[in-house]
Structures are given as structure tokens and as C-alpha cells.
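K.L.:
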Amino acid sequence: MLEGKFEEASLLKKIVEAMKDCVSSCNFNCTENGISVQAVDNSRVLLISLLIEKDTFEEYRCDRNITLGVGLGSLSKIIGNGANSDYLTISADDDADKLNIIFEDKVKDKISEYNLKLLDIDADLLDVGPMDTDATITLPSADFAKICKDMKVLSESLQIIVTKDSALFQSVGDIGTGNIVIRPKTDIDHPEESVTISLDKPIDLSFGSKYLSDIIKATSLSQKVTIKLTDQSPGVFEYKLPSGYLRFYLAPKFDE
Amino acid sequence: MSGQQSLNRFFSAR
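As they're listed, the protein sequences go chains A and B. Quick note on numbering: the first sequence equals residues 3 to 258 in our numbering. Quick note on numbering: the second sequence equals residues 9 to 22 in our numbering.
This is the structure in C-alpha cells:
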């Protein structure tokens, strides 16, 4: 038996919205420690790794490990029926073929209950393992989203060049070029506005704008995003949850 | 010109 109660339905809504355009369905792996997902997009360029730790939930129990195959579009439709501020409880019996979803309005005496049919998904997992990191940038997630959107008007690729004291985002396209430079900044009054850059080795990587557009759909999950970059390796884009994370691993482009 | 790499190049199947 799995049962997890979210204080607010909005959290699961945001998680599903951030994932559903990249992968259509995935397995939710439920253990006593929480719920995790690993899923790769069809083109095998972008990998999503989600961890919702037990502490994220108002109440959580999982007596036995269960894997729930979920169609994210369908889940999104059902979750969309609840108000953001509702309590949201998901539950499933062991060997269940459906996921039970209950919304409780905190003010009105109203409870809405739905069942989502589960899918049998043949998971095709990748061993991500611990990765070395040459450069780490932390910046406001909204700023990163704007950079990606702004640069996308110019090119299908976004080049990220990190040096000791700056990160340069650059796009070169048919209509012209664009550059955005950000530098470390400590904002004591508004720590969420701070920018940090730590560097072991300079970085020059290019990523597909299309995939970055998918990644920034997670912006509402966290005020900050942490970008971990390593030469000739996938970039890691991490949005922290209250307890856990949503991470994207994006394969870089290469020069032909 | 640049091409897109696959994650399979970096991560092995589990």
C-alpha cells in the first residue's frame, strides 16, 4: 500500500507540468523513502531524474516497494481538476492497476476522487552515477528561463562558456548573434537573487535550445536552478524541491 | 555546424 498526501496539489502539478512535454509516460518508483522517477525522452538526449523524498509529504507510507506506470498527460488532466491549494492524496494498493487521486478542499467541505489507469511501462534505464563537475552555476531560475527563451530566437543551439568570474550564454544564428553575460553576485536582502559560479576548469559547451525549452518548464518549482557542467559531458540542471529534486541531464552538441 | 549527441554515449544501460 502506497499513500502520500501533499500539503498542496500545486507541487505535484508543477512536477508533472515540468515533465510531461519531455516524456509521455514513466514509472514512479515508490519506496519507504519516497518516490523517484527516471525517464529519457524519445530522442535520448534529455534525461529526467525526479526524487520526491518522504519529507515532502504531509503524510507518507509505502509498505512495500511499488512501481506505478503513469501516463503523464492523463495524470496532468486529472490533477488539473484540483485547486492548487487542495490537499492532494495519491494512493495505490500493492499490485494495483490504478492510482487513486483525492483532492480535499481546505475551506469547503468538498472531496473529489479520481482513479487513473496505470500503464505497464518497459523501463529503459540509464546508469547516471556520480559525475565529476568542472563548473557549477547557481542563478535565479526565472533568469535562466529568460536567457534560454531570449537566445532561442536566434539559434537552435545555446553555447555556455564559463570562466572564473563569468558565465557567457551565446547564440549564433542566421539573423544575428546574441550574448548574455552573468557574473557572481551576493544579494543579502534577497538571497534568491544571488548568482554563484564555482569553477575547476573553464567550460565551453553547446546545448539544443529545444531541450532547454523543456527544462525551463520546471522554473516554477524552485526560485533557483543549479547548472553543473563538465567538459564533453551532459549538463545537469537541478531544481530543488522542498525535500528532493527534479534534475535534467542534457547531452551536449558537438562540432561537426 | 553542430550535431546533437545522445545520452547513450555517456551513460550505460542499467
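Glycine included, each C-beta is placed from N, C-alpha and C at the ideal position.
Taking any Cβ of chain B, which residues in the region 42-61 of chain A have a Cβ under 8 Å from it, in chain order?
P.N.:
42, 45, 46, 47, 48 and 49
K.L.:
Starting from residue 11 of chain A, trace the alpha helix (DSSP H) in both directions and tell me its first and last residue.
P.N.:
For this step, residue 11 of chain A is matched to residue 9 along the first sequence. Its alpha helix (DSSP H) spans residues 11-21.
K.L.:
For chain B, is any of its Cβ atoms less than 8 Å away from the one on residue 136 of chain A?
P.N.:
Locating residue 136 of chain A in the first sequence gives position 134, where the first residue counts as 1. No, residue 136 of chain A lies away from the interface with chain B (no Cβ there is under 8 Å from its Cβ).
K.L.:
Identify the continuous beta strand (DSSP E) that holds residue 226 of chain A and give its terminal residues.
P.N.:
Indexing the first sequence from 1 puts residue 226 of chain A at position 224. Annotation for residue 226 of chain A: the continuous beta strand (DSSP E) segment containing it runs 226-231.
K.L.:
So if DSSP puts residue 56 of chain A in a beta bridge, which residue, or which two residues, is it bridged to?
P.N.:
Sequence index remark: in the first sequence, residue 56 of chain A carries index 54 (1-based). DSSP, once it has assigned bridges, lists no residue as partnering residue 56 of chain A.
K.L.:
Going by the beta-carbon positions, is the gap between residue 127 of chain A and residue 40 of chain A smaller than 8 Å?
P.N.:
Mapped onto the first sequence, residue 127 of chain A falls at position 125. Mapped onto the first sequence, residue 40 of chain A falls at position 38. A contact, by the Cβ cut-off of 8 Å.
K.L.:
Is residue 250 of chain A close to chain B? Criterion is C-beta to C-beta, closer than 8 Å.
P.N.:
Taking the first residue of the first sequence as 1, we reach residue 250 of chain A at position 248. So no, residue 250 of chain A is outside the interface.
K.L.:
DSSP three-state label for residue 277 of chain A, please.
P.N.:
This structure does not reach residue 277 of chain A, given that chain A is present from 3 up to 258, and the question cannot be answered.
K.L.:
Taking the runs of the alpha helix (DSSP H) that are 4 residues or longer, which of them lie wholly in the region 39-120 of chain A?
P.N.:
74-81
K.L.:
Would you kindly check if the distance between the Cβ of residue 14 of chain A and the Cβ of residue 216 of chain A is under 8 Å?
P.N.:
Indexing the first sequence from 1 puts residue 216 of chain A at position 214. Indexing the first sequence from 1 puts residue 14 of chain A at position 12. In this structure, the beta-carbon distance from residue 216 of chain A to residue 14 of chain A does not fall below 8 Å.
K.L.:
Does residue 34 of chain A come out as helix, strand or coil in the three-state DSSP assignment?
P.N.:
Here residue 34 of chain A corresponds to residue number 32 of the first sequence, with the count starting at 1. Three-state result, residue 34 of chain A: coil.
K.L.:
Please work out which residues of its chain come closer than 6 Å, Cβ to Cβ, to residue 137 of chain A, disregarding the five sequence neighbours upstream and downstream, and give them in chain order.
P.N.:
By one-based count along the first sequence, residue 137 of chain A stands at place 135. Excluding sequence neighbours, residue 137 of chain A sits near 164, 201, 205 and 231.
K.L.:
Compute the Euclidean distance between the alpha carbons of residue 80 of chain A and residue 203 of chain A, then round it to the nearest angstrom.
P.N.:
The residue given as residue 80 of chain A occupies position 78 in the first sequence. The residue given as residue 203 of chain A occupies position 201 in the first sequence. In a straight line, the C-alpha of residue 80 of chain A is about 46 Å away from that of residue 203 of chain A.
K.L.:
Identify whether residue 122 of chain A lies in helix, strand or coil by the three-state DSSP scheme.
P.N.:
Counting from one through the first sequence, the residue named residue 122 of chain A turns up at place 120. Coil at residue 122 of chain A, not helix or strand.
K.L.:
Could you check how far apart the C-beta atoms of residue 84 of chain A and residue 105 of chain A are, in whole angstroms? I think they sit under 8 Å.
P.N.:
Residue numbering aside, residue 84 of chain A sits at position 82 when the first sequence is read from its first letter. Residue numbering aside, residue 105 of chain A sits at position 103 when the first sequence is read from its first letter. Right, the Cβ-Cβ distance comes to about 4 Å (below 8 Å), so this counts as a contact.
K.L.:
Could you please give the first and the last residue of the uninterrupted alpha helix (DSSP H) stretch that includes residue 223 of chain A?
P.N.:
For the purposes of this step, residue 223 of chain A is taken as residue 221 along the first sequence, with counting starting at 1. Premise fails: residue 223 of chain A is in no alpha helix (DSSP H) and is neither H nor E.
K.L.:
Would you decide whether residue 190 of chain A is buried or exposed? Buried here means 16 or more other CB atoms lie within 10 Å of its CB.
P.N.:
For the purposes of this step, residue 190 of chain A is taken as residue 188 along the first sequence, with counting starting at 1. Classification for residue 190 of chain A: exposed.
K.L.:
For residue 62 of chain A, which residues of its own chain have a beta-carbon under 8 Å away from its beta-carbon, when the five flanking residues on both sides are left out?
P.N.:
As a first step, residue 62 of chain A is located in the first sequence; it is residue number 60 there, counting from the start. Excluding residues within five positions, the ones whose Cβ falls inside 8 Å are 5, 6, 7, 36 and 56.
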